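Protein chains: 2
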Amino acid sequence: MENNKTLHLLTHHRSIRHFKNQALSADVIHTLLEAAQRTSSSMFMQQFSVISVTDANLKKQLADITTYPFTKSSGHLFVMVADQRRNEFIGQEADTDTHLLHDGDRSLAAFDDAALAGQSIVTAAESMGLGAVILGSILNDAQQVIDLLHLPKLTFPVFGIAIGYPDEKPNLKPRLPLEAVHFDNYYQDPDKKTLDAYDQTIEKYYAQRGTNNRVETYRHHILHDMQVSPQKRSQILIVLKQQGFFEN
Amino acid sequence: MENNKTLHLLTHHRSIRHFKNQALSADVIHTLLEAAQRTSSSMFMQQFSVISVTDANLKKQLADITTYPFTKSSGHLFVMVADQRRNEFIGQEADTDTHLLHDGDRSLAAFDDAALAGQSIVTAAESMGLGAVILGSILNDAQQVIDLLHLPKLTFPVFGIAIGYPDEKPNLKPRLPLEAVHFDNYYQDPDKKTLDAYDQTIEKYYAQRGTNNRVETYRHHILHDMQVSPQKRSQILIVLKQQGFFEN
């Protein structure tokens with residue numbers, strides 16, 4: 001089996017949700033941003049931005065939205081932003097039609113670029129001994145995040161990333177077996193037996209882990225979140241369109 | 001400045017488009033997939049799948065769609081798939097309402113998960129001395145990719161990744177300066193002077209690079225792609241909705 005330090009990091013990722021009370025230095029933050037900048041982007045359009053949330057009041061309000069106190073108590077908080085506004089600015093300077101920036105393709109490109117850069121930040125952080133967790137939960141109220149961070153049309157918050165010095169070392173959380181997520185040439189529908197075996201693995205993991213242990217299989221987890229979603233989150237398409245994305 | 005091998009990789013990424021005629025071993029492919037599997041996913045729902053395209057005819061057709069011959073001549077070709085079908089399968093087994101899987105929130109989650117895992121694959125590949133390029137261009141004809149790879153409803157091709165042993169070492173392509181993409185607390189609209197300076201940087205880069213050199217600023221590049229888009233690509237929202245995404 002191939003191995004090196006980077007592979008070890010990538011194959012031993014665990015999200016960290018308990019951080020020591022220590023802020024990241026400006027130097028470390030700069031290094032994380034360099035990793036984000038260098039990431040591939042769709043057609044070299046670099047359709048993302050990153051906001052460092054440092055204001056205590058903003059952090060508190062974001063923590064309320066995510067419901068996770070570590071949103072405000074981590075060593076640093078980034079919000080990754082899908083960004084077609086910069087391209088629109090260039091189009092407006094040249095007095096050019098900018099309608100293409102609103103279509104589904106460019107919308108996906110901006111979200112992809114933000115996600116790719118965000119994953120580089122996570123990996124870069126972990127390589128320095130930091131821990132991180134991606135906070136999709138900022139989308140519990142996307143409109144409020146837009147208002148708080150003054151996000152103009154053609155920008156959208158994709159996820160937050162809370163980063164800091166880890167104050168826990170959780171066990172690795174078992175992933176779906178490879179045969180359930182990887183196929184040769186053609187998509188394969190899920191296999192009941194594979195899911196049965198994975199249910200048992202996850203049930204054992206939840207029962208044995210040190211904190212927040214519970215009785216839950218993978219199917220339980222998926223079914224629960226299929227039945228309930230925060231109302232504002234299930235209506236996010238309205239906000240996406242208000243911001244000028246997925247218009248056509 | 002912080003440094004380690006992983007940071008060096010991340011801050012020296014260049015996309016590779018010329019590969020040696022050498023296929024990746026099964027062992028290397030397995031390692032890349034392990035990196036994908038371990039990546040964070042939205043609410044631990046693992047809403048992505050990966051297809052290894054090995055069939056020569058499929059590769060040829062995908063190369064025609066992307067217009068890049070290296071799509072079929074790289075050492076390996078992955079297609080990252082946004083996948084809510086696995087969750088739908090679990091919902092159908094339990095005879096549960098699955099409508100939430102079609103909303104904008106779950107659609108974005110699936111695309112995010114696929115992009116995050118894809119970026120882990122790129123970083124893992126580069127750590128082994130391989131080169132990679134992300135192929136958003138498979139979306140030049142999303143419907144055909146869906147047909148070719150037998151992608152059912154609630155799945156969607158996000159991008160391809162061509163990987164192989166590099167047969168080039170391009171210069172690092174200059175990125176937008178940090179002040180154009182990173183802000184404290186509040187979004188900042190682009191600054192004309194920053195874009196002017198970056199235009200000059202990019203113009204010099206394109207003029208001096210070894211292959212495919214040309215006279216083009218960053219603004220030229222952005223403006224060109226704002227005015228023309230492959231027709232099927234600019235109508236991708238229709239295909240997204242046909243596949244059951246972004247329904248509400």
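Respectively, the protein sequence lines represent chains Y and W. Yeah, the first sequence ends on 248 if you go by UniProt numbering, and it's all consecutive. Yeah, the second sequence ends on 248 if you go by UniProt numbering, and it's all consecutive. Beta carbons: idealized from backbone N, C-alpha and C, even for Gly. What you are looking at is a predicted structure, and each value in this text was computed from that prediction instead of being measured.
Contact check for W:His76 against W:Val28 passes: the beta carbons are separated by less than 9 Å. Below the 8 Å Cβ cutoff, chain Y contributes Asp105 and Leu108 as neighbours of W:Leu139, in chain order.
Under the three-state reduction of DSSP output, Y:Gly244 falls in the coil class, being neither helix nor strand. Under the DSSP definition of a beta bridge, W:Ser25 lacks any partner. In this structure Y:Asp113 is buried. Its beta-carbon is surrounded by 16 or more other beta-carbon atoms within 10 angstroms. For the C-beta of W:Val215, not a single chain Y residue is nearer than 8 Å; the gap to the nearest is close to 16 Å. In the three-state reduction of the DSSP assignment, Y:Met80 falls in the strand class, which pools E and B. Chain-order list of chain W residues neighbouring Y:Arg219: Ile90, Glu93 and Ala94, by C-beta distance under 9 Å. Using a Cβ-Cβ cut-off of 9 Å, Y:Gln227 counts as an interface residue toward chain W, since at least one Cβ of chain W sits closer than that to its own. One thing to note: W:Asp103 has its Cβ within 9 Å of the Cβ of W:Asn248. Interface with chain Y (9 Å Cβ-Cβ cutoff): W:Gln208 is excluded. For Y:Thr155, the C-beta contacts it makes with chain W under 8 Å involve Tyr187, in order along the chain.
Under the Cβ criterion (8 Å, minimum of three pairs), the segment 156-163 of chain Y counts as touching the segment 117-137 of chain Y. Here W:Gly129 is exposed, its C-beta having fewer than 16 other C-beta atoms within 10 Å. In the DSSP assignment, Y:Ser73 falls within the unbroken alpha helix (DSSP H) covering Phe70 to Ser73.
In terms of CA proximity to Y:Leu154, W:Tyr187 leads the group W:Ser137, W:Ala142, W:Leu151 and W:Tyr187. By the rule that beta-carbons nearer than 9 Å mark a contact, Y:Ser74 does not touch chain W.
Ranked by Cα distance from Y:Gln61, the options Y:Gln143, Y:Lys5, Y:Asp191 and Y:Leu32 are led by Y:Gln143. Within the same chain, Cβ atoms closer than 6 Å to the Cβ of Y:Glu203 are found at Thr217, the five residues on either side in sequence being excluded. In the displayed model, W:Leu135 falls within a strand according to three-state DSSP.
Between the segment 80-90 of chain W and the segment 10-26 of chain W, the count of C-beta pairs closer than 8 Å stays below three; the two stretches do not touch.
Residue environment: W:Lys169 is assigned as exposed (fewer than 16 neighbouring CB atoms within 10 Å of its CB, all protein chains considered).
When secondary structure is reduced to three states using DSSP, W:Val53 falls in the coil class, being assigned neither helix nor strand. Burial is judged here by how many other beta carbons sit within 10 angstroms of a residue's own beta carbon; W:Asp141 has at least 16 and is buried.
Around the beta carbon of W:Gln47, 16 or more other beta carbons sit within 10 angstroms, so the residue counts as buried. Beta-carbon to beta-carbon, W:Glu126 and W:Leu9 are separated by about 5 Å, close enough to satisfy the 8 Å threshold.
Inter-segment contact for the segment 36-54 of chain Y and the segment 172-187 of chain W is present: three or more beta-carbon pairs are separated by less than 8 Å. For Y:Gln143, no chain W residue has a Cβ inside 8 Å of its Cβ, as the nearest lies near 13 Å away. Scanning chain Y for C-beta atoms nearer than 8 Å to the C-beta of W:Gly136 yields Ser42, Met43, Ala109 and Asp112, reported in chain order.
Boundaries cannot be given for W:Phe19, as no alpha helix (DSSP H) includes it and DSSP labels it neither H nor E. Annotated as distal: Y:Tyr205 and Y:Leu176, with beta-carbon spacing of 9 Å or more.
Remark: C-beta atoms of W:Asp105 and Y:Leu139 approach each other more closely than 9 Å. The beta carbon of W:Gly164 sits closer than 6 Å to the beta carbons of Phe19, Ser74 and Gly75 from its chain, once the five residues preceding and following it are set aside; these are given in chain order. In the three-state reduction of the DSSP assignment, W:His150 falls in the coil class, being assigned neither a helical nor a strand state. Counting along the chain, no alpha helix (DSSP H) covers W:Ala94, and no H or E run does either. Contact of W:Ile236 with chain Y is assigned, a C-beta pair being separated by under 9 Å.
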